[in-house]
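See below for the structure under consideration.
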Amino acid sequence: MTTLTTAEYEACDATGLAALVRSGEISPRELAQTAIARIEALNPLVNAVILKAYDQALAELDTRTDRPPFLGVPYLIKDLHAPVRGLPLTNGSRMFVDPPAPFDSTLVARLRAAGFVMLGRTNSPEFGLSASTEPHRYGATRNPWNLDRIAGGSSGGAGAAVASGMLPATHATDSAGSIRIPASCNGIVGLKPTRGLNPYGPHRGDAAHGISHENAVSRTVRDTAAILDITAGPDVGAPYFARPP
1 MTTLTTAEYE ACDATGLAAL VRSGEISPRE LAQTAIARIE ALNPLVNAVI LKAYDQALAE
61 LDTRTDRPPF LGVPYLIKDL HAPVRGLPLT NGSRMFVDPP APFDSTLVAR LRAAGFVMLG
121 RTNSPEFGLS ASTEPHRYGA TRNPWNLDRI AGGSSGGAGA AVASGMLPAT HATDSAGSIR
181 IPASCNGIVG LKPTRGLNPY GPHRGDAAHG ISHENAVSRT VRDTAAILDI TAGPDVGAPY
241 FARPP
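1 is the number of the first residue of the sequence shown in my numbering; add one for each residue after it.
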């Protein structure tokens, strides 16, 4: 096994990185460590990642005995709505000093089961209520193409993380453009899924009168499609759901 160079890492999307792990060219731990190094190098410039969970992520990888399709592929979860086991959730607000969540949301659990490794949380404006990611609690996220520009919102941290090359895809949410605006600002792929396609639970139901949805931002269409294949489908108690494509 060999360590990926920065150029090799940034040339791959999530699907490509997963293929390298399956072929034995790199181990899941080495892949996660490569992503951690990129986050540490780039985050001081753009302020996309506001909570890091490296030790927890690597420890989980070391204890896994299964070989899911995206084992070791790095992922970040937006600091809005989605609980992640062992991580606090602040929704970008100074109001919250939450203890670590005791469970994963259904969507996060599906991503984890597919092998994605949760390295931390991305920046979000307070309660997701802005098209620019500039919460007082964590400071502004900057556009990696031009540090004097905004990264959009409310998934601005996610957009900047992907566009800067920290990782090829990551979690995002959208009510009124919060996936699509950062995708546009940062030159990446962003898809707001159909209502009921991805799960909301188990901690909340249909949000914002049905206009709030979770999905991902990525560098390639095939990654967005692959992630949606993993996460789509109803959770227990869902009042309705959209049939996966």
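The beta-carbon is built from N, C-alpha and C at its ideal position, and this holds for glycine as well.
| Check | Outcome |
| --- | --- |
| Considering only C-alpha positions, which residue in the set Ala-131, Ala-114 and Asn-146 is nearest to Asp-66? | Ala-114 |
| Our contact map puts Tyr-138 next to Gly-92 with C-beta atoms below 8 Å; I'd like the distance itself, whole angstroms only. | 7 Å |
| Thinking just about the alpha-carbon of each residue, which of Ala-32, Leu-197 and Gly-86 is nearest to the one in Asp-229? | Leu-197 |
| Give the straight-line distance between the Cα atoms of Pro-234 and Ala-242, rounded to the nearest whole angstrom. | 8 Å |
| Rank Glu-8, Arg-22, Thr-6 and Ile-50 by C-alpha distance to the C-alpha of Pro-135 and give the top, closest one. | Ile-50 |
| For Gly-120, is the classification buried or exposed, using 16 other Cβ atoms within 10 angstroms of its Cβ as the cut-off for buried? | buried |
| Looking at the unbroken alpha helix (DSSP H) that takes in Pro-44, where does it start and where does it end? | 28–46 |
| Within 10 Å of its beta-carbon, does Tyr-240 have 16 or more other beta-carbons around it, so buried, or fewer, so exposed? | exposed |
| Tell me whether Thr-170 sits in a helix, a strand or coil according to DSSP, three-state version. | strand |
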